[in-house]
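What follows is one structure encoded as structure tokens, with my remarks underneath.
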Amino acid sequence: MLDVPALDIVDLSVGYAGENGIIPAVDRVSFNIAAGEFMGLAGESGCGKSTIAQSILRLLRAPGIITGGEIRIAGNDMLSQDDNAVRALRWRTASIVLQNSLTSLNPVKRIAWQLQEALNRGTSAVGRTPAELLQMVDIDPKRLRAYPHELSGGQRQRVVIAMALALEPKLIILDEPTTALDVIVQQEIFVTVKALQRQMGFAVLLITHDLPLLFEVADRIAVMRDGRIVETAPVPRFRQHQEHPYSRALLTASPKVDFTTPSVARPKSVAHPVLETAHLTKAYGTNPLTGRSALVAVNDVSFRLASGEIVALVGASGSGKSTFGRIVTGLTRPSSGDVLVDGRTPVPVSRRRPHQPRAAQMVFQDVYGSLNPLHTIGHHLRRAVISAPGGDKTDVEGRVAALLTEVGLTPTASYLDRRPHELSGGQRQRVGLARALAASPKLLVADEPVSMLDVSIRRDILNLIARLRDEQGVAVLYITHDVVSAGYIADRIAVMHRGQIVEEGLAKAVLANPQHACTRQLIAAVPGGLGLETPNPVPAS
Amino acid sequence: MSLSETFGAKARRQLLGSIPVTVGLVILGALVAASVLAQVIAPYNPKRATGGINEPPSLAHLFGTTGQGQDVLSQFLYGGQNTLWVAFSIAVLTTLLALVVALTAAYFRGWVDDVLTLVTNVFLVIPGLPLVVVLAAFLPPGPLTMIMVLTITGWAFGARLFRSQALSLREREFIAAAEDVGESRWRIVAIELLPNMGSVVAAYFVNQVIFAITAQASLEFLGLGDGGQITWGSMLFWAQNSSALIRGAWWTFVVPGMAIALTAFSLALINNAVDEIGNPRLRADRLLRRAGVRKPSATLMTPVKRDA
Amino acid sequence: MYYIAKRLAFYVLAAFVAITVNFFLPRLTPGDPASTIVATYSTSLNAESLAALKAAYGLTDEPLLQQYLTYLGNVLRGDFGRSLSNFPAPVMAVIGAGFGWSILLGLTSVLLSFVLGSVLGAIAAWRRGGWFDKLTPPVLLFLGSFPYFFLALLLFYVFCFKLGWFPMGNAYSSVNPPALNLAGVGDILMHLIAPAFTIVLVSLGPWTLNMRNAMIGVLSEDYLTLAEAKGLQPRRVLLSHAVRTALLPNITALGAAVGAVFSGQLLTEIVFTYPGLGYSLMRAVSAVDYPLMQALFLIITLSVLAANFFVDTLYVLLDPRVRTGGEA
Amino acid sequence: MHTNSVPKQPSPGLIGRLRTSLRALALGALASVSAFAVTAPALAEVPLDQLVRIVAEGGNSFTRTFNPFSPTARWVSTRTMYEPLMIQNYATGKLDPWLATAYEWSADALSLTVTLRDDVKWSDGQPFSADDVKFTFELMKANPGLIGPASGAFGQYLASVEAVDAKTVKFTFSSTYTPGLYSLVDQFIVPQHVWKDVADPVTFENPDPVGTGPFTTIDAFGTDRYQVTKNPNYWQPLNIEGVFVQGFNGNDQVSAATLSGNLDWGGLVPDPDVTFVPLDPEHFGYWWPRTSVVLLLANTTDGALGDPVVRKAMSMALDRQRMINTGVWGKSVAANATGLPEAPFKDWLDAKVIADGASWVSIDPDAANKMLDDAGYTKGADGVRVGKDGKPLKYDIIVPSGWNDWVSACQIVAENLKDIGIDVTLRTTTADSWTNSTFTGQFQLSLGTAQRTATPFEFYRNNMATTSVKPVGEASPNNQQRYGDPKVDELLAKFAASTDAAEQKAIIAELEGMFSAAAPAIPLYEQPDWGLYNTRRFTGFPNEQDPYAPLSLQMTNGPLLVWPHLARRAE
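Below, the structure is given as structure tokens:
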């Protein structure tokens, strides 16, 4: 049986029915996965990689249509057989782990029930129990009686993986299984998957946009672009040399830490920092009687940021870094402690008046949600300019055009009347930056400004932020969980953990020589390590 | 989701092309036009006895006459006018009230929200019609009482609906962004929040018109309306009063009853169709069918169509 | 448990609001109800008789606040005073059996339309795009567009008056409620069918459409994809996964529906002369019988509150997510 | 019989109108138990086919309450259980002896001696005596909350009641008031041996009544129906077992039951010549005698409405026949100029007054317009006449919503008056506020009826006497139009002091003439008393051919006259 590929796809074409006929999404794609092989399928959003993943088990939802080609799983034809035969093959020969761990489990059924349901599909020969499945993925079998919402995201995804392994299928499809999870959790999950694969010998198809991750876990890699596979290669060879220019572009587009030049402490008038906090604390759900809080998001943080400086605030999700950012801009009020931005306490938004000077402006993470879908780009910027403190309001249009030019959206006139959904993600974030700059702030608080963008444009946006700092002298508080991009752009790095800053220092120094366990963990979780493509890789910590 | 977001020009064309919407619009249009033009096209004075008592439909009286000898067609036309303006007023007022409560609650949050939500929920659980009946029993009958009573008892569901919609919008980052830019509160509510609730508000409004028409008719039928006003509800009341069914004068019943039912039906059809077209899942099904794939059930099995 | 306690507290508060509204409503309106009532029922009255009757009716000129406190105390003791239109019978005696019949009619029709609507909605969603799905919504929307009373009148006229298939009104045939044997239950059922059928017809539409839409929503959830990926039989996907979760919003709506059905029931009871609370309320309103009206309104409201609380509790049992926090 | 013209019962409604009938039906009402758990002792039900099935009370919530003094007394209380001394028979116009066989006025008309029937027993076997009569009146004196025909008699004219011997009662008057006879003999009598132990007779529920009437035994009691069967000790022969009262809840149910022959005695179906009689002409019949008049009341304190010319012109604009056609299917006649119904008062009516006044109660809009023109009420630019005080003749006519024959009559009034330049707007109100406005005189136009009374005395007192005029703002069920003439007071006093029929008749004729001259109220049409019967099972109902008693079920005491005449039809 070893000679039968776990998955064999020949000339597969998939399209989506539209108002004017079928729009192709996957165009004559062919590849195969040998039994027990770990295959990675990489590409940017919209390239068709998930379409392929879902087509394999015929789970692609309407209006998706498979328009040609063949799919065989362990020799079983998935496209010509009748529905019942296909259904019989599902899960037994191939299973799938979906992207969103929160919604892929039935919310009203206990874990045990859901695992058992999968087990019931198999023959009694497999003979596992739900408890054994949980143990397999390192979850306490006591959690069997739990409901999905009582588990953490990582645990839920492990449950799904356990479920996927329940019938020992030949192939497991992982469709971006960790994008919604923390880097550290992602790393742990892949350690588990790799271990299980070694033990059980199933083949894996991993769909991801994260090339470094594939370098770490996959045997072979296929790169997709616009519905086609542009290159397929074993990982070691691919790391050395990329045949296709797009593969190369994809790889080099990711920001990397350049350890060749040590970070230099920027000149700063430390006497007058742009941002200064003292014993800043933010607690939620405080009981007025006991004084105890359900959650302390920010705990006694004292921090300084000099003008013209880019400081990255890094930490795992839930570490309190975003709350800190919102306090600095005045979107959230601290429970106690002081914040001074450019020597002034930020005015809480609820009391903010137009034209009131504001030293800090926010750049938001969600490029889709941070612009009102109903208003034009021009409207957004005009409002920002009009509300901006001080300055000349006579030439609003001129100022808007200037802002657009600054962020690289030219010709400016072509953008003014467009609405957000007519722009790409990168363009939207540029608009977000322009809006933030309208008030001529001393400090930009950029909360994960690139995490929702495609890999290939992340660096452009980071470069733009760095350029703005250089040209306008604005300081930047860059909030991220991604130590690589932090190392790429920041002068200094502050590591946040459970509401406190546990480590602070020049960026490269911190990365090269992390002191705190938490920092080390964050660095270790980076797929492929930090110095992957650098000429002088730093020894992994 | 705003209307313009949900519906591109294409979808709008589709909406107008759908059979239920066409049927709904034609019925509604005919009823509204007939009512608006009552003064012009009504053949008789609706209050005057212009024929014999309970005359069946004839050329002189297309819809027959009432137990008091009035022309049913003329009453139907004038009645539509009175019924519809009251219904629309109620729908407008309940929608406005619900919006004000919801936006206030969603925007200020904190104790303001708590209090408003509590009031809303109390109004929601107190059964409507009994309260309306008791209220109407204490107030002088007439359109104003009708509007007042049904507005007081009819806004709560909308407030809850709008509040949850507003709260979820409030979490969208563009609101935080607008705050950050320094927009004033009222401007954020009016310019950023409200327009994004367009489709929900529109759907609610249509439902409120339906609610108002039937509730109004019910109250009038119970004798809690102004018997001197001609409305569809009071026509039914008078028909019931003169024992129209037992005397076989079905036309005095069926005309206003069907007028109410058809108005409500046409609005419901339109609302439902808008829902359907806005539903991405159903839209996907439709596209699939258009591409020539027959989907007999909801079972998830991606179709294979090699000749496409 | 915390959630249930919170809901309970809310309903207690709502009940208090209802009781208070109930008290102030008739007192805030112009006119002197007492004299009107007395004058409406009696022809030969002098000032002395009027004063004596007012006292017997429990109508006083005390300050409002004092009246309110007395009223609260009486309500807590279940004492609603004497009915004016059935003087000197106590209000509770007048309400008597009506409560039971209303519950019977209400429960029957709510459950019937809930079950029927959910089944139809699930089928329509599962076979969406098919003839059943194409036909069901417009037909049900059309039926749902009829005011309750109008449909009730038509059904009454056709099935009770013209065809004589069902009895014309009342809840049973004999003078005393029938024994609970086969014949007795059959008799009660025969009287129940026509009014219950009316309510079911009118209220079926929303149940069906909501269930259908909820199902369609659930069918696009990831966990449904996963269930399909597991290779489960369609029947199992439908019953164990889709219907189970799609029912939840409908169950939340059940609470609200109880209130709505009580409203529709009022009209249906009047048309079919079904001896429930709705009809009594209408009579009380016509007869300007404030004590009766107030007691009825309160009982209906409290029943609806109780039903809502029951539904909330049921919801907690059915949706584990609510148990650990958040609102339904 | 009670007096005053109380406007509250609008003409006892057409079928079909829920509210009207409810109001009528609500006149009965009550009892105590009910509820799911049957608390009534499970007595043997008398087979239904032995009982006369009637429609008398509405509702589904009967309580076992048979207190006849309640303002909302159960229908049977005063129609089968308790009886009066004598019954004013509106069909014959005579005072029929009942528990009393005769009465006699003293020469000064200050005392009335009543002789009781001597073979009467209470339903529990105790003898009925003069003590019971004395007790009943004294009970009412002690408890003003007890409502009956003689309520308030002690306050107005009655000084004392005395049991001369077991079978003789003597009423002593504080002033001469001969119309008081009718209130006193109409009062139902309750047994002293039962009621003397009742703590509070006002709230006494009286679940197991003891009376002298034909049917006093509650055999089976349900929340929406019950049967009342024979009093074993009834003083006259009876050929029927009892009555079955079913609580119909709406007019459609009543009509349906009537048309299907399920009722033996009922009130109203619409247009009976078309809907009812043809179904079974041999057995179905109706009889609608007319005993009262529907009036249009104009508030005489309101500007031009105080001018008799205006009121008469209004009267002449009205299309009475149309009101009759739409309101009572043509089964009535326009009222005459005396304001009195013809049938019950045919002995009192003065033909000359009627003939002379005919013109102002007949439709003639041209003459009406001319009258108003001549009187100086000129039309304004908008076609509305202007009063002498410069105010346009614009009025509201108020009517309770749901009193439908009245609402339709008001619609016709509003239309007709537009033809003579008087702008009338119909305003429907709640019954509550309508009563309030009309009683206190805070209205412009409204409708009213005259209550059935034994003589025209009350009608003229209540509509023309200064003694019945209350200031605007003060409530009174009488003389809502606020019209008073001292001359009328004198005539009424003469009438009340007289025991001479001829003298009384002359006085009434003079009052009739004054009414026709001043038009203190505008008579519209005579109101029929609804009554219909089905002789498939029982015979002996009164009708036009055999008018021994009224057929109306709602008329107090009327049914008492009928029960002894009914007999089960031989199979």
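Protein chains in written order, with my numbering: chain A, 1 to 541; chain B, 542 to 849; chain C, 850 to 1177; chain D, 1178 to 1748. Note that CB positions come from ideal geometry on N, CA and C, so glycine has one too. As the structure is a prediction and not an experimental result, all values here were calculated from the model.
Item                                                                                                                                                                          : Value
Would alanine 718/B pass as a contact of phenylalanine 364/A if the rule is Cβ separation under 9 Å?                                                                          : yes
Closer than 7 Å by beta-carbon distance: list the chain A residues that pair up with threonine 1074/C, in chain order.                                                        : Leu59, Leu98
Enumerated in chain order, which unbroken segments of the alpha helix (DSSP H) with a length of 4 residues or greater are wholly contained in the segment 912-941 of chain C? : 913-925
Would you kindly work out how many angstroms separate the C-alpha atoms of phenylalanine 778/B and threonine 1292/D, rounded to a whole number?                               : 53 Å
Shorter than 8 Å, the distance from the beta carbon of phenylalanine 1314/D to the closest heavy atom of the ligand NAP, or not?                                              : As presented, the structure is devoid of all ligands, the ligand NAP included, so that no description of it is given.
What is the DSSP secondary structure of methionine 362/A, reduced to helix, strand or coil?                                                                                   : strand
How is aspartate 1296/D classed by DSSP in three states: helix, strand or coil?                                                                                               : coil
Rounded to whole angstroms, how far is the Cβ of valine 1405/D from the Cβ of proline 1261/D, which I believe are closer than 8 Å?                                            : In fact, because the Cβ distance is near 18 Å, the residues do not count as touching under 8 Å.
Please say whether asparagine 812/B and alanine 744/B have beta carbons closer to each other than 9 Å?                                                                        : yes
Output yes or no for whether 9 Å exceeds the beta carbon distance between proline 1326/D and serine 1352/D.                                                                   : no
Please confirm whether glycine 487/A and leucine 511/A have their CB atoms less than 9 Å apart.                                                                               : yes
Can you tell me whether aspartate 454/A is helix, strand or coil according to DSSP?                                                                                           : coil
Considering just the uninterrupted stretch of the beta strand (DSSP E) at tryptophan 1282/D, what are its terminal residues?                                                  : 1277-1282
To the nearest angstrom, how far is it from the Cα of glycine 1750/D to the Cα of alanine 1694/D?                                                                             : With chain D represented from 1178 up to 1748, any question about residue 1750/D goes unanswered, as that position is not in the structure.
So within the segment 1577-1620 of chain D, which uninterrupted alpha helix (DSSP H) runs reach at least 4 residues, ignoring any that extend past its ends?                  : 1581-1595, 1608-1616
Which of the three DSSP states is assigned to leucine 1012/C in this structure?                                                                                               : coil
Please classify arginine 1746/D as buried or exposed, where buried requires at least 16 neighbouring CB atoms within 10 angstroms.                                            : exposed
Is the beta carbon of aspartate 219/A less than 9 Å from the beta carbon of valine 230/A?                                                                                     : no
Residues of chain B with CB under 7 Å from alanine 598/A, in chain order?                                                                                                     : Within the shown structure, residues of chain A are numbered from 1 to 541, placing residue 598/A beyond reach of any answer.
Going by beta carbon distance, what residues of the same chain come within less than 8 Å of glycine 1650/D, once the five residues before and after it are set aside?         : Thr1617, Gly1618, Gln1619
Using the Cβ count rule (16 or more neighbours within 10 Å means buried), how would you classify glutamine 1413/D?                                                            : exposed
Should lysine 1523/D go down as buried or exposed, given a rule of 16 or more other Cβ atoms within 10 Å for buried?                                                          : exposed
Mark isoleucine 73/A as exposed unless 16 or more other C-beta atoms lie within 10 angstroms of its C-beta, in which case mark it buried.                                     : buried
Using the three-state DSSP reduction, which class does methionine 284/A fall into: helix, strand or coil?                                                                     : It should be noted that the sequence gives tyrosine, not methionine, for residue 284/A. Of the three classes helix, strand and coil, the one that applies to tyrosine 284/A here is strand, per DSSP.
Tyrosine 1463/D bridges to which residues according to DSSP?                                                                                                                  : Leu1709/D
Decide if histidine 272/A is buried, meaning its Cβ has at least 16 other Cβ atoms within 10 Å, or exposed.                                                                   : exposed
Give the DSSP bridge partners of tryptophan 1442/D, in chain order.                                                                                                           : Ile1231/D, Tyr1710/D
Compute the Euclidean distance between the alpha carbons of isoleucine 834/B and threonine 843/B, then round it to the nearest angstrom.                                      : Sequence inspection shows valine at residue 834/B; the isoleucine mentioned does not correspond to that position. Spanning the two alpha carbons is a distance of roughly 10 Å.
Report all residues from its chain with a CB closer than 6 Å to the CB of proline 348/A; omit the five preceding and five following residues, and keep chain order.           : Gly330, Arg333
Determine, using beta carbons only, whether isoleucine 853/C and serine 1152/C come nearer to each other than 9 Å.                                                            : no
Using a Cβ-Cβ cut-off of 9 Å, state whether glutamine 757/B counts as contacting chain D.                                                                                     : no
When burial is assigned at 16 or more other CB atoms within 10 Å of the CB, is tyrosine 851/C buried or exposed?                                                              : exposed
Would you list, in chain order, the members of the segment 1620-1647 of chain D that have their beta-carbon closer than 8 Å to a beta-carbon of chain B?                      : none
What is the DSSP secondary structure of lysine 1529/D, counted as helix, strand or coil?                                                                                      : helix
Please list the terminal residues of the continuous beta strand (DSSP E) segment that includes glutamate 1260/D.                                                              : Unbroken run through glutamate 1260/D: none, as it is neither H nor E.
Find the residues of chain B that neighbour threonine 376/A, judging by a C-beta separation of less than 8 Å, and give them in chain order.                                   : None at all; the shortest Cβ gap to chain B is about 12 Å.
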